[in-house]
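Residue numbers (my numbering): 871 to 1780.
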């Protein structure tokens, strides 16, 4: 077996932000690129005439560049850009790179588990005792997870010969001086096989990050000596680049352990498992960030030992902190960027680190006193820099200091309370950053967005808002490709608007949303609803008039979902087919073998029809238009949870009735409430009747039923709102005789003093009340409840309508310019009723029956901390609750002091 030489480097990976092609690389850069790809990615040497030029078509060069970019997690362009060239200029190994853990070709390994090693000479950077201990510990890293045993010999030839050397040192693989290749090792074999050579032009240390820790370098090299290749798993010991980690912690990751045990197996007597690197937090969970900052055009989010880098040109990518900043601490407390200095500052405990790019600034870390902070400040919770003013805000507890970067001292008059400058903020600031002229203050899982110009609170978000923005863009693209025929954009074609914008408008128009062509909250909410997998068209529609040529159709149930009994599935399917049979001449007969017109089956993911399902929620089912073969068949995603009638899952009858509409030739309808509307909504199966839009659609294909009975279109059955919908926006809230009523669409939730909650249709309680009311309030002195809708107001005593109602809004002394009241609230102590209109509110005196002077006023002037429009309101136990969109703002009734922000369904059963 030939000896395979291994060169390895362990050097820090520079954080690079932009990946645009470099316009004119120097001749030196071109040479670096070609040599790099020849040495590490098998680029074949070109003729002298084949000079490399950016943008020039060169398949071999491009493919090798892509391979290299893919390995290092760079933007894969196949072009020589700044990001790629920077990595190429860093120290690295001479061994080609592969993905995940890997072994050398032909899997060379030692044939014995008892190996010897010898330290031939020493580096002058460390004492002999430190070198001996570093080498021994590095070998024990591998011994602890395998049956391998290492014995040191003092003379003679060992399996692993360890030496320090410079430049040309006799193995044909010359070292390159300081900050280049740190070391290399050779795969198991005779002769030079297994040997490890360390470049003595480097500065090696015992444990200090000011040089390269020999233990870490040696542990990596001995991985090669034992037969391991490089890994592209960030954080693995066998990753090609050097990263400083605490020498007292095991550097092995699960990837390294899997690799070495694939060669030698686990230890014969399992030792205690080595400490593992921290598990990365989940990207999608609602994290409480340690720190957030901008950095060279990107936004960087810190959590534990990891960072997420996000920009307009790339989705958030997770890396280990020390793979980007080798000298940085884990679990930082705060971070900020000063673009004027091109520096990044990281805080932990009583120290601060400063970096220019990846490099630690000389003299750092420094104590917090370098900012002029008093000794009583032992930790900074968050920091943010305003580049326009040259000021940095340093937050601790519920206070903040302001630091002048130009004068290098703290401004007078500080610290101040956070709430004094940021009205509406509650809690402590845990992270902060500025972008797009807004300042974002994180407090646990909440994110407060303020205007940087006037300090006004703009909105309350979740802490993962910026991560979800990336995910939402991908979700929208997938949605439009699936249901609106969005095609991949091609380059080189100039358009006034992109295909995605046009398809977004098409989707918004279909669902009767505001047509903007932009991915707004309303559009994203619609895209995330469970739905059918068939594309959308407007109004009721057919698949181009495709229909069955007979009115007698067969169906067969091929298999069953485990969520329901077979009898329940059978009844659900039969009932769903009868929905259509009642209004047409169609007759359905079940068969138990052979091929039916409508074959019904449950499947998951890839289930044989080239339209894979997507797991729980998302696409519930799909069906095919009438035709031979797969035509008419209906497939149901068995990753969903189906029920017979319960709203706790997806009611199979409702889904099947929709899908059978497709099986009979109907496409989707854009009429909300129609059975053929694309998204799923729960309706009581016992009260279901086919809406008129669906009847018109199916009868356009098959005609009406012919049994002599005229089937009149049933009244539309309102869709039941979901109390636990995180995006729920209530229409109105009011108290009534000790209970609280929460209104949405045609329903309301009735919350008793015992906190039990029931859901009722509005008309089942107040028969003459309107649906979808705008506002409501109770006057306990009069024992009346008032409902507002449009320009009218209704009054009820209990459930009985008051004579003379509905009346116009002018009965409340409101001006004619007010066409709608968005919320109302009554204070029985003062006898005043507040009527909210847009961002204003009026005060109506119930005793004097007239409007108070000085009104309307801006909402924020009466309720500091609340911005936007009030959409509902009520009073409970000395507190005022003002609803704005999906949030509820809690204030004290007596002094209007803002206390906290809750979710819209806080009082509902979830």
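Ideal Cβ placement from N, Cα and C applies to all residues, glycine included.
Out of the options, point me to the one whose CA is closest to residue i's CA.
i: residue 1545; options: 997, 1552, 1564, 1386; result: 1564
i: residue 1511; options: 1529, 1474, 1558, 1695; result: 1474
i: residue 1452; options: 1321, 1572, 1380; result: 1572
i: residue 1119; options: 1097, 1094, 1083, 1463; result: 1083
i: residue 1063; options: 1091, 1073, 1069, 1045; result: 1091
i: residue 1029; options: 1676, 993, 1477, 988; result: 988
i: residue 1722; options: 1734, 1737, 1703, 1736; result: 1703
i: residue 1041; options: 1022, 1369, 1069; result: 1069
i: residue 1591; options: 1605, 1568, 1617; result: 1617
i: residue 1164; options: 1305, 1252, 1390; result: 1305
i: residue 1302; options: 1035, 1196, 1322; result: 1322
i: residue 1671; options: 1679, 1655, 1065, 1043; result: 1655
i: residue 897; options: 950, 945, 941; result: 950
Starting from the C-beta of residue i, find all residues in its chain whose C-beta is less than 8 Å away, skip the five residues before and the five after it, and write them out in chain order.
i: residue 1394; result: 1342, 1345, 1346
i: residue 1701; result: 1651, 1715, 1716, 1717
i: residue 1513; result: 1433, 1434, 1519, 1520, 1521, 1522
If you draw a straight line from the C-alpha of residue i to the C-alpha of residue j, how long is it?
i: residue 1190; j: residue 1231; result: 20 Å
i: residue 948; j: residue 1357; result: 23 Å
i: residue 1105; j: residue 1124; result: 10 Å
i: residue 955; j: residue 1602; result: 59 Å
i: residue 1491; j: residue 1238; result: 59 Å
i: residue 1270; j: residue 1073; result: 42 Å
i: residue 1641; j: residue 1676; result: 14 Å
i: residue 1332; j: residue 1596; result: 12 Å
i: residue 1102; j: residue 1058; result: 22 Å
i: residue 1727; j: residue 1713; result: 9 Å
i: residue 1777; j: residue 1744; result: 12 Å
i: residue 1214; j: residue 1205; result: 7 Å
i: residue 1684; j: residue 1706; result: 11 Å
i: residue 1039; j: residue 1087; result: 19 Å
i: residue 1071; j: residue 1274; result: 42 Å
Quick one: what's got a C-beta closer than 6 Å to residue i's C-beta in the same chain, skipping five residues either side?
i: residue 1517; result: 1552
i: residue 1371; result: 1387
i: residue 1446; result: 1523, 1526, 1527, 1530
i: residue 1396; result: 1381
i: residue 1203; result: 1217, 1218, 1249, 1250
Here's the rule: buried if 16 or more other CB atoms are within 10 angstroms of the residue's CB, otherwise exposed. What is residue i?
i: residue 1493; result: buried
i: residue 990; result: exposed
i: residue 1488; result: buried
i: residue 1770; result: exposed
i: residue 1287; result: exposed
i: residue 1402; result: buried
i: residue 1621; result: buried
i: residue 999; result: exposed
i: residue 1307; result: exposed
i: residue 934; result: buried
i: residue 1774; result: buried
i: residue 1065; result: buried
i: residue 1436; result: exposed
i: residue 1207; result: buried
Leaving out five residues before and five after residue i in sequence, what residues of the same chain have Cβ atoms less than 7 Å from its Cβ?
i: residue 1017; result: 983, 1134, 1135, 1137, 1138
i: residue 1739; result: 1692, 1708, 1709, 1754
i: residue 1732; result: 1711, 1766
i: residue 1481; result: 1403, 1492
i: residue 1749; result: 1760, 1761, 1762, 1763
Under three-state DSSP, which class holds residue i?
i: residue 1380; result: helix
i: residue 1287; result: strand
i: residue 1557; result: helix
i: residue 899; result: helix
i: residue 1114; result: coil
i: residue 1062; result: coil
i: residue 1715; result: strand
i: residue 1100; result: coil
i: residue 1204; result: strand
i: residue 1031; result: strand
i: residue 950; result: coil
Within 8 Å of any Cβ in chain D, is that where the Cβ of residue i sits?
i: residue 1514; result: The structure shown contains no chain D, having only a single protein chain.
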